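First comes the structure, then the notes that go with it.
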Amino acid sequence: VQLQASGGGLVQAGGYLRLSCVASESISSINVMAWFRQAPGNERESVATITSGGETNYVDSVKGRFTISRDNARNTVYLQMNSLKAEDTAVYYCQGRQSSWSGWRTYWGQGTLVTVSS
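The sequence shown begins at -8 in the numbering used here and counts up by one.
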């Protein structure tokens, strides 16, 4: 499965962006879709996850501001980011994790840069 992330850009603090992650195949069988981010000098961190059943989870720093959703018909996962802060500046990556008879498979998309100016 190939993942293509898009939607990053430059935005002022308080603004919003919506990231999209389009998969080359159906995501209905992908157990968990997630967004990660990596700021310069920092480790990559999980920002939000959504299971195939629609259960979501967020890192504390984005709760109430970010919303992850998935559209299985469009093979797309979204990350709606509102009330953006300078500390949200990072390269954002989408990830898919799929269970199989041989274990878990992990797929990564290329990053999309989000820059929030203060």
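The C-beta atom is built at its ideal place from N, Cα and C for all residues, glycine as well. Predicted model only: the values in this text are computed from it and were never measured.
| message | Helix, strand or coil, according to DSSP, for residue 78 in the structure here? | response | Position 87 of the sequence shown, counted from the first residue, corresponds to residue 78. The three-state reading of DSSP puts residue 78 in helix, counting H, G and I together.
| Reduced DSSP category for residue 64 - H, G, I as helix; E, B as strand; rest coil | For the purposes of this step, residue 64 is identified with residue 73 of the sequence shown, where counting begins at 1. In the structure shown, residue 64 sits in a helix (DSSP, three-state: H, G or I).
| request: Tell whether a beta-carbon distance below 7 angstroms holds between residue 48 and residue 40. | output: As a working mapping, residue 48 is identified with position 57 in the sequence shown. As a working mapping, residue 40 is identified with position 49 in the sequence shown. Yes, the pair counts as a contact, with Cβ atoms nearer than the cut-off.
| When burial is assigned at 16 or more other CB atoms within 10 Å of the CB, is residue 97 buried or exposed? | Residue numbering aside, residue 97 sits at position 106 when the sequence shown is read from its first letter. So residue 97 counts as exposed.
| query | Which residues share a DSSP beta bridge with residue 88? | reply | On the sequence shown, residue 88 is found 97 positions in, with the first residue counted as 1. Per DSSP, 23 and 97.
| For the ligand SAM, any of its heavy atoms closer than 6 angstroms to the Cβ of residue 77? | No copy of the ligand SAM appears in this structure; indeed no ligand is present at all.
| message | What does the alpha-carbon distance come out to for the pair residue 67 and residue 26? | response | The sequence position of residue 67 within the sequence shown is 76, counting from 1. The sequence position of residue 26 within the sequence shown is 35, counting from 1. Rounded to whole angstroms, residue 67 to residue 26 spans 12 angstroms at the Cα level.
| message | Here's the rule I'm using: 16 or more other beta-carbon atoms within 10 Å means buried, otherwise exposed. How should residue 7 be labelled? | response | In the sequence shown, residue 7 corresponds to position 16, counting from 1. It is exposed - the Cβ of residue 7 has fewer than 16 other Cβ atoms within 10 Å.
| Residue-chain proximity (residue 83, chain D), Cβ-Cβ < 7 angstroms | Here chain D cannot be found, since the structure has a single protein chain.
| said: With the cut-off set at 7 angstroms, would you say residue 69 and residue 105 are in Cβ contact? | reply: Position 78 of the sequence shown, counted from the start, is the residue given in the question as residue 69. Position 114 of the sequence shown, counted from the start, is the residue given in the question as residue 105. In this structure, residue 69 lies away from residue 105, with their beta-carbon atoms at least 7 angstroms apart.
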